[in-house]
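Trainee: Structure incoming, see below.
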Amino acid sequence: MGKVVLVTLDAQGRITGWNNGAQRMFGLKTSDVTGKPLANFLELNKNSTSNLELVTMLQKSYGGRP
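Just so you know, we're using my numbering here: the sequence shown kicks off at -9 and counts up by one.
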């Protein structure tokens, strides 16, 4: 069975939801992240395609430029 990581954000990119899968994967409790910008928890690594894709997707979803 696959693991599901679910993170929900408000219109400003702040975390409003953080499921058990996210807690296990990132080692942070919901109370540690709720209300904080998701960008605070993204490890930017120029060699990481997945991180860059996530940042681009978030920027597009909030009307920013990639």
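Think of the CB as a built atom: it goes at the ideal place given N, C-alpha and C, for glycine as much as any other residue.
Hey, how far is the Cα of residue 12 from the Cα of residue 0?
Mentor: Spanning the two alpha carbons is a distance of roughly 17 Å.
Trainee: Confirm the yes/no value for this check: CB of residue 20, any heavy atom of the ligand MN, distance under 7 Å.
Mentor: The ligand MN is not part of the structure shown, which contains no ligands of any sort.
Trainee: Looking at C-alpha atoms only, which residue of -6, 5 and 32 is the closest neighbour of residue 20?
Mentor: 5
Trainee: For residue -2, which residues from the same chain have a beta carbon less than 6 Å from its beta carbon, with the 5 sequence-adjacent residues on both sides left out?
Mentor: Spatial neighbours of residue -2 in its own chain (CB-CB distance under 6 Å, excluding positions within 5 residues in sequence) are listed in chain order as 6 and 7.
Trainee: Are residue 9 and residue 23 close, meaning C-beta to C-beta below 8 Å?
Mentor: no
Trainee: What does a CB cutoff of less than 6 Å around residue 25 pick up in its chain, not counting 5 residues either side in sequence?
Mentor: Excluding residues within five positions, the ones whose Cβ falls inside 6 Å are 4.
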